[in-house]
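S.K.:
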Amino acid sequence: MASDDRSTECFPQTFNEFHEFQNTIIQKFELHGVKRVKKLFYRISISVLHDGVKYDSFVIGSDGDLQVLIHCCRYFFEARTPELLTKLVDVVSSSRSSN
């Protein structure tokens with residue numbers, strides 16, 4: 001299975017359901033029926049060091065995870081907007097002909 005990571009520009013401010021957010025990502029990249037979201041995560045800076053920034057990644061795997069992300073970005077706006085990343089995989093067709 002081929003896969004790729006893509007940085008997403010869409011932000012889940014108006015989404016209440018994880019599934020709805022996943023579908024929006026697929027639509028944004030015009031990959032409906034071709035790819036599906038395998039993994040969705042965000043990366044945020046957690047500390048600034050003298051020679052760079054330290055980041056940590058968090059997986060978004062449920063409605064609750066999505067709500068935490070939305071809450072943090074709304075109420076802790078002094079923190080930078082997280083970088084949303086998604087791992088996409090090929091959709092396997094279930095319409096194979098059987099002989």
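Under full-length UniProt numbering, the first residue of the sequence shown is numbered 1, with each subsequent residue one higher.
Note that beta-carbon positions come from the ideal geometry of N, C-alpha and C, so glycine has one too.
Values in this document were obtained by computation on a predicted structure and should not be read as measured data.
1) Could you check the C-alpha separation between L31 and I46 for me, to the nearest Å?
2) Apart from the five residues on each side of it in sequence, which residues of its chain come closer than 8 Å, Cβ to Cβ, to K54?
3) When DSSP labels each residue in this structure, what does K87 get in the three-state scheme?
4) Rounded to a whole number of angstroms, what is the C-alpha to C-alpha distance between R43 and L85?
5) Take E17 and list the residues in its own chain whose beta-carbon comes closer than 7 Å to its own, dropping the five residues that flank it on each side.
6) Can you say whether S3 is buried or exposed, counting buried as having 16 or more other CB atoms within 10 angstroms of its CB?
7) Buried or exposed, going by whether 16 or more other CB atoms sit within 10 Å of the CB of F76?
8) In angstroms, rounded to a whole number, what distance separates the CA positions of V92 and F58?
9) Determine the burial state of K28: buried for a count of at least 16 other Cβ atoms within 10 Å of its Cβ, exposed for fewer.
10) Taking only runs of the beta strand (DSSP E) that begin and end inside the segment 21 to 92, which ones reach a length of at least 3 residues, in chain order?
M.R.: From the atom records:
1) 33 Å
2) S45, I46, S47 and V48
3) strand
4) 8 Å
5) D63
6) Low local confidence applies: a pLDDT of 43 at S3 is under 50, so the model's placement there is unreliable, with the coordinate-based value given in what follows. Looking at its Cβ environment, which holds fewer than 16 other Cβ atoms inside 10 Å, S3 is exposed.
7) exposed
8) 27 Å
9) exposed
10) 35 to 49, 52 to 59 and 83 to 90
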